[in-house]
Structures are given as structure tokens and as C-alpha cells.
Amino acid sequence: MMLKSVTESFATLIHGLKVGHLTDGVIQRSKRMILDTLGVGFLGTSTEVFHKASQYSKIYSSNISSTVWGQPDFRLPPTYAAFVNSVAIHSMDFDDTWHPATHPSGAVLPVLTALSEALPQRSKFSGLDLLLAFNVGIEVQGRLMHFSKEASDIPKRFHPPSVVGTLGSAAAASKFLGLSLTECREALAIAVSYAGAPMANAATQTKPLHMGNAARHGIEASFLAMMGLQGNKQILDLETGFGAFYTNYSPKVLPSLDSHAWLLDQQDVAFKRFPAHLATHWVADAAASVRKHLVRSDRDPLPADHIERIVLRIPDVPYVNRPFPDTEHEARHSFQYVACAMLLDGGITVPSFQIQQINRPQVRELLRKVELEHPSDNLPSFNTLYCEMSVTLQGGATFTERSDTFYGHWRKPLSQEDLQEKFRDNASKTLSCHTAESLIKTVEKLEDLEVCSVLTTLLKGPSPPEASKLSSM
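As C-alpha cells, then:
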């Protein structure tokens, strides 16, 4: 019997995986991803880029609509609800990160919450249905990235969520919508023509649109496949197909469903403790250790005037090398800023990236003292990179610390308590304490949920009376 094409094997995976294929490990890890993604999405509704994207999306109307997270009086057609919710998730660069490098959840979860509301009422989706489709969307992204050695490194040319995220979104939507095997294949082909965004727009307000477009385009690809639109039957096999994104693309037919093993079982994700590019988290970790040599307690000020030189030994990642960031988005993508902020403040939080914090005179003064070095053994991979930081004082005393693994990395995962606390902090600006706690409990027992509407009702945020009551407090 002839081997199937790579494209056909992906369609078989999407169409054929069942709830029974889910493992306990995958269910537990994906529920953590879902809770974290919801939290950063709620927080992201406070950003300027979310406001602009949602105002733009108001020009679209439909008889079918879905919830915009945390906005009780604002609904959009499902494609645009997914779009703005995904923009919110990536608006602060606070969302989960995988290896090979991408942000896997943000392109997938908003698709499923939008579709679960927008489909005919006779379609009742359970929590397990959502978990299955979510994991199909994550799995497709991981499988595609394993076809290229280039994908293992921090990207240089394009932003991975705009490529693999678009196909992950299409895969999750296709599973949730119950597309046929042929339609699943067509959805992937259509999605490839929607994919791609250059790295040049990293550290700008446009970068979150990459995630929003991945979600929106994946849904559209699935809807168009349902309408019978056709694409190249070998889209994942060809260098001129999905291979156009990678210089060393080497696709392989996937194993049969009988021997399927989830990548998420083998490779957990990283959860960020502050909203910035993942590589800066090693810098923050090393800076926190160096700071202990320079101050007696966390409350004491840093003797910044006595610092002569700061050296960061990190991988060569050009778009995170920003010596003097001028905006919050640049600061989130600046090795130098994160190092200085941690040294000065002893911690990095959501407000650390406000413009008044970035422009503090003591920050700008400290930034002038930072130098980067790129050791040959420090490769640009989230799995292997390290940060070594040396601070030299006037008089010559030098303190050096190294971080190989920060807390939140998949080798040192956040505890469930800390993950939930991050969710509470992120959701608190939008949700009441009661709703936030209900969401934590709902996600915790997602596999037991009979209908997804229990989840999507909570995502709306406070009902109008509650909202007005909260605003008057």
C-alpha cells in the first residue's frame, strides 16, 4: 500500500483523533495553558492595540455573534471575536511559549470559544470536545515545527504564530466543526495561503495582529473548506507549499492514529511571570541574583551611581537587542531594559513597561552602561540558552551570576498555585473575584463540563448591573 502524503496524514490526524486519545498528562497541561491564556487575554483588553483592533472590528456585523472576553456589552461575528481575543492575548507578549519556538495557545483557544457560541444551538459541545480540538490545534503546530531544524531556534525572518498558528487554528476549527477528511485537508491548504508575517514588526503594536490574524484566518479557512473551496492537495509536502517558510523543510508522513503520541506529553510549555519576550526572562533571573550582591535587602535602593559596567552574555537575537527602547513594545523586546529594570526595582511586573517607567532618568543612565556579548556556545534556542550577567563597580569589584533555567520554564514549571495567582492578577482588572474563581474551578474540571456555554458565559465578564455597581465603587 502506498504511503499517504504528508498533507493527507495531517488531515487524518485532525479528522481521526478522538476524546479517547487524550491522555491525563495532556489534559492537565492543556488546562494550565487554557487558564493562563484566558488570564493574559483579559489583561490584554486594557491595551491600546486591543482597543484599536476592537474598534476596527465593529464595522462587521452578523446575525451570528460571539463573546469578546470581559466585554459584556460587545459581541462580534465569530471570526472577529476570535481575532480581537487573540490580539488581546498577545498584546503584552505575556502568553505561553513552546519549543520549537512559538506561542501555541493564543491562536487556538479564542477560535474554540467563539465557535462554541456561534454554531447552531443543536450543536452541544462539551469540555472534552473543546479540550480535544484545542489539543489538535496545538499538536498540528508542533508537528509542523518539527519538520525544520530552523524552527528550533528563536526566529529571525518570520513570526511563528503567524505561520504555524494559522494552521493550528484551522486544525482546531476543523475538528470542532466536524469537517470531513477531505475538508480538513482543504482547510490546511487554504490556511497556508493566509499564513506569514515578518519579524520586522516585532516590538510594535502590529505584532499582536499576527496572533489575531492566525485565529481569524484559521476559522475562515475552515469555513471556506466547508463551502467546497479547494487548494493544493500536497500543500504540506512541497517546498513551494508550506516549505516556502523554511529553508530546510523536511516533512514526514505522521504515524498512524493507533500509534499516536502527543507532543505536549513530551514537551511542556513555558509560562511567563512578566509580560516580555521569553529570552528576557533569563536576563531577569540573572539580574535578580546579581542584585543580591549589591543591596542588603529588597527595600534598599540600588547603588546605581557606583555601577561602572554591566555585561550580558546572551545569544545573538537581533530583535531583542534594543539598547534604548522608546515604547512599551520595544521595552518588552529589550535585553537591556529588562536587566536594568530588575537591577533597579528588584522585580518586574505589568506596570514595569509603562512609558513613565521606561523613561526614568536612572533607567536611561543605567542603560548606557550595558554591553552585550554573544558567547559561541550560547545558541538562540529557548531549550538551551543561558544568561550570564556581570556587574562591575567603581573600584573594580565584579559580581557575576548565571541563569540556565528561570522559574516558569518547562524545566522549572510554575506551581499550580502560582499559575492560578497569575490568572487572578491578570483577570482582576476585568472580572469580579467571584467570576475569576468560578473560571478557575470551571477550567480545573473542564473535562467534566457537559456544555461549553458554562465557560463562555463566564468569559463575558460582569453583567451590566454588576459592571455599573463595580464602576461606582
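Residue numbers (the numbering used here): 1394 to 1866.
Ideal Cβ placement from N, Cα and C applies to all residues, glycine included.
Fair warning: this is a prediction, and the values are worked out from it, not measured in the lab.
- Residue state for Tyr1449 is assigned as helix, using DSSP reduced to three classes.
- Contiguous alpha helix (DSSP H) elements confined to the region 1661-1702 occur at 1673-1687, taking only those with 4 or more residues.
- Ala1500 and Phe1476 do not touch by the CB rule: their CB atoms are close to 11 Å apart, not below 8 Å.
- Within its own chain, the residues whose Cβ lies closer than 8 Å to the Cβ of Asp1429, once the five positions on either side in sequence are excluded, are Asp1488, Asp1489, Ser1498, Phe1664, Leu1812, Lys1815, Phe1816, listed in chain order.
- Taking the CA atoms as reference points, Phe1717 sits about 12 Å from Ile1748.
- Using a Cβ distance threshold of 8 Å, Val1844 and Lys1517 count as a contacting pair.
- Annotation for Glu1721: Phe1746 place their beta carbon closer than 6 Å to its own, counting only its chain and skipping 5 residues before and after.
- Annotated as proximal: Val1683 and Glu1794, with beta-carbon spacing under 8 Å.
- In this structure, Ala1679 lies near Met1782, with their beta-carbon atoms less than 8 Å apart.
- No Cβ-Cβ contact shorter than 8 Å links Ile1547 with Phe1728.
- The count of Cβ pairs closer than 8 Å, one atom from the region 1578-1586 and one from the region 1552-1570, reaches three, so the stretches are in contact.
- The count of Cβ pairs closer than 8 Å, one atom from the region 1691-1707 and one from the region 1523-1539, stays below three, leaving the stretches out of contact.
- Approximately 12 Å separates the beta-carbon atoms of Leu1851 and Leu1839; this is outside 8 Å, ruling out the contact.
- Between the alpha carbons of Pro1773 and Asp1709 lies a distance of about 7 Å.
- Leaving aside the five residues that flank Gly1520 on each side, the residues in its chain whose CB is nearer than 7 Å to its CB run, in chain order, Leu1839, Glu1840, Asp1841, Leu1842, Cys1845.
- Cβ neighbours of Leu1657 within its own chain (closer than 8 Å, five residues either side excluded): Gly1418, Val1419, Arg1422, Ser1423, Asn1528, Ile1531, Glu1532, Gly1535.
- In this structure, DSSP gives Leu1705 an extended state, which the three-state scheme calls strand.
- CA-to-CA, the gap between Phe1799 and Tyr1453 works out to about 43 Å.
- DSSP places Thr1506 inside the alpha helix (DSSP H), whose first and last residues are 1502-1511.
- The region 1401-1411 and the region 1433-1450 do not touch, with fewer than 3 CB-CB distances between them shorter than 8 Å.
- For Leu1786, the beta-bridge partners assigned by DSSP are Ile1700.
- Taking every protein chain shown into account, the CB of Asn1752 has fewer than 16 other CB atoms within 10 angstroms, so this residue is exposed.
- With a cut-off of 8 Å on Cβ pairs, the region 1722-1741 is in contact with the region 1751-1768, counting three or more such pairs.
- Lys1822 sits exposed, since fewer than 16 C-beta atoms from the chains shown fall within 10 Å of its C-beta.
- Pairing Val1461 with Trp1675, the inter-Cα distance amounts to about 34 Å.
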